[in-house]
Amino acid sequence: LTVDCGTSMITLEINLCTAQWAGFNTTDLALNGKHNNSECRGSVDTSVDPPIIRYQLPVNHSLDNPCRHSLQIVDETPDPTGPFSSFLSIQSVIITGYIDTPRSDQGVISYSTDLYYHFSCRYPLEYLINNTQIVSSVSVATSDNNGTFIDTLKMAVFNDSDYGYPLVVPSTGLELRTRIYVEVKAVNLTGFHVLLDHCFSTPTPYNMSHSEQHNFFTCSVEQRTSVISNGLSKVARFNFEAFRFVQHRDQPKSSIYLHCILRLCEPSKCQELLSGCNTRRKRSLTPFGEESRESATVSVGPLYTNDMPSGKDDVNVTGLVVGVVFGSAAAALLVLGGWFVLKKFYWMGGLPHAFD
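For the record, in the sequence shown the residue sitting at position 99 is 91 according to our numbering, with numbers rising by one throughout.
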């Protein structure tokens, strides 16, 4: 039995020769005992060697799935030596099922074997999305070990509060204090919300051993960061103001790499984790705002900022200075004009000589 735990589909392959040797037709084997449902039977592929029977099972537990399987969310103890060992525990979803033949229930003995193939796929629900592209929405490469939902997670940056226009970084870099809008979302995934545990930035690509980073938020939110939506749907959003890392003070541009540790959780569990930020009670599940072994990192970058502040403040200051200069000049001209008029009247005898 070969099992591929895909993002949206679990693919199972069994040896056709084994089934035929046991005396069964391909129609005799079905997923999860659904022998009367043609959608739960496999398809023969003779283009490979050896030939196989292939089955496909959607990764969901909805009523639209005719070959329904067992789906269970479990708490697990993290590896103390792993990169996310600071988590108390992590959650995974485990999908189990089987392929079998009809049972031999006639008589006392049988000379044919019953075939039974059991399978399971484990999908961690904690991810750290990490990549090095910033100009558009990106996906992170998937792992073939067990299963992963990392393919369904995308991170993008925008330049507007409606999240409609992707951020384009000019060659000279973004102006300081430019508002940057970040969106992390799950696509083609049902039953889970996206909860950002920890978002931060680094001056270089993500490295576990790095020591310099700027936190946007965990349970607490940095002053110039605003969390718009988190844990409420398949989309999480926040924004922040562009800044420079001090270590780049001798460079014309400063690079910023964004990273988010996130988890996928059931809607009710997301709310429980969010409320844990306020109560700070110790739970079997790691509270929101703390890291876990199975976290994956979503990162985008580099974003470049220059050493010039936003031009809006400069315009206001310049306008004030220009206004003061022109106002002073106008007042001086008015005084001089009045003096010349009075002098003219004096010479023409229009004013008494006491004017001197």
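C-beta atoms are modelled at their ideal positions from N, C-alpha and C, and glycine is treated no differently.
Query	Result
Rounded C-alpha distance that separates I65 from C113	12 Å
Between the CA atoms of G156 and V130 - distance to the nearest angstrom	Caution applies to V130, whose pLDDT of 26 falls short of 50 and renders its modelled position unreliable; the value that the coordinates give is listed next. For V130 and G156, the distance between alpha carbons rounds to 16 Å.
E105 classed as buried or exposed, judged by whether at least 16 other C-beta atoms fall within 10 angstroms	Reading off the sequence shown, one finds Thr at residue 105, where the question assumed Glu. Exposed, since its Cβ has fewer than 16 Cβ neighbours within 10 Å.
Three-pair Cβ contact test at 8 Å for the region 79 to 92 versus the region 217 to 234	no
Check whether F232 and L188 have beta carbons under 9 Å apart	no
Close-in-space but distant-in-sequence residues of the same chain around Q205 (CB under 7 Å, 5 per side omitted)	F192, S193 and T194
Contacting residues, own chain, Cβ-Cβ under 6 Å from R241 (five flanking each side not counted)	none
Start-end ranges of the alpha helix (DSSP H) lying completely within the region -3 to 63, minimum 4 residues	8 to 13
Collapsed DSSP secondary structure at E264 in the structure displayed	helix
P70 in three-state terms, based on DSSP	coil
Outcome for T3 when other beta-carbon atoms lying within 10 angstroms are tallied against a minimum of 16	exposed
S218, enclosing beta strand (DSSP E) - first and last residue	T217 to S221
Residue range of the beta strand (DSSP E) that includes Q205	Taken as a continuous stretch (DSSP letters only), Q205 belongs to no beta strand (DSSP E), as it is neither H nor E.
Per DSSP, the bridge partner or partners of A148	E175
Minimum C-alpha distance to P197 - residue among C252, F184 and C32	C252
Straight-line gap, C(-3) to G139 (C-alpha atoms, nearest Å)	5 Å
Chain D within 9 Å of R255, Cβ atoms only	No chain D appears in this structure, which consists of one protein chain only.
Collapsed DSSP secondary structure at V(-5) in the structure displayed	strand
Residues that DSSP places opposite K226 in a beta bridge	Looking at the DSSP assignment, K226 forms no beta bridge with any residue, so it has no partner.
Check whether R216 and L168 have beta carbons under 9 Å apart	no
Inter-residue CB distance, F141 and Y115 (contact presumed, cutoff 8 Å)	6 Å
Inter-residue spacing [alpha-carbon to alpha-carbon] between L166 and K26	59 Å
Collapsed DSSP secondary structure at D143 in the structure displayed	helix
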